[in-house]
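Presented below is the structure to which this report refers.
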Amino acid sequence: MIRKLSKILLFVSFAMVLGGCMAKTDCIDPSEDGQYGAPRLVVSGKVTNTNGEPLRGINVAIYGVREATERDVLSYNYAITDTLGNYTIIRYRGRQLVDEVTVEATDSRGVYKSQTLFAPVEYDSIKVEYHPDRYEYYNGFVTADFVLEEQ
Numbered sequence: 024m025i026r027k028l029s030k031i032l033l034f035v036s037f038a039m040v041l042g043g044c045m046a047k048t049d050c051i052d053p054s055e056d057g058q059y060g061a062p063r064l065v066v067s068g069k070v071t072n073t074n075g076e077p078l079r080g081i082n083v084a085i086y087g088v089r090e091a092t093e094r095d096v097l098s099y100n101y102a103i104t105d106t107l108g109n110y111t112i113i114r115y116r117g118r119q120l121v122d123e124v125t126v127e128a129t130d131s132r133g134v135y136k137s138q139t140l141f142a143p144v145e146y147d148s149i150k151v152e153y154h155p156d157r158y159e160y161y162n163g164f165v166t167a168d169f170v171l172e173e174q
């Protein structure tokens, strides 16, 4: 019972961290001791067809920041578009400050052709503790919108 409760609390904590980082300003969240949380990489966008209609159920994955042995995790390495064609992937940025990432949209039903985009990363910045005039890159943001063609 304790083990199950621990897993539930861990899941809720993880969901709260990821769910609270939807806008650039939401991701910079100083704690009580003045330190910032882990830097995030937020990838979001919309997938439509050539008529401009949103596509639901499209798999959108991020590459270029993943370890080769890393498991696929929903909303961390990939997302599935909602009924409006929107998706969001939020992951730990790590120590890398990449200029661009590879984002790929794939239709598992095979109706639409896959598409790959090389999307630039924009970073926000924070003041460096003990150096009030110095800033460092912090969270990275990517917008990647897809227009998929039928097969």
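Residue numbers for the sequence shown follow my numbering, beginning at 24 and rising by one. Just so it is clear, CB atoms sit at the ideal spot from N, CA and C, and this is done for glycine as well. Since this is a predicted model, take the numbers as computed values, not measurements.
*asked:* Am I right that S98 and I112 are in contact with their C-beta atoms under 8 Å? What's the rounded C-beta distance?
replied: 6 Å
*Report the residue from Y86, V134, A167 whose alpha carbon sits nearest the alpha carbon of E145.*
A167
*How many whole angstroms separate the CB atoms of R116 and G163, which I take to be in contact at a CB cut-off of 8 Å?*
5 Å
*By a C-beta neighbour count over all protein chains shown, 10 Å radius and 16 as the cutoff for buried, is T104 buried or exposed?*
buried
*Any idea which residues DSSP pairs R63 with across the strands?*
R63 is bridged to Y115.
_Residue(s) in a DSSP beta bridge with G163_ = L64, Y146
*Within this structure, are the beta carbons of Y101 and A84 separated by less than 8 Å?*
yes
*Can you say whether A142 is buried or exposed, counting buried as having 16 or more other CB atoms within 10 angstroms of its CB?*
buried
_Under the three-state DSSP convention, the category N82 falls into_ = strand
*For E127, three-class secondary structure by DSSP*: It is a strand residue.
*asked:* For a quick check, are the C-beta atoms of G87 and T125 less than 8 Å apart?
replied: yes
*Inter-residue spacing [alpha-carbon to alpha-carbon] between C50 and N82*: Low per-residue confidence applies at C50: pLDDT is 44, beneath 50, and the placement is therefore not dependable, though the value from the model is reported in the following sentence. Cα to Cα, C50 sits roughly 24 Å from N82.
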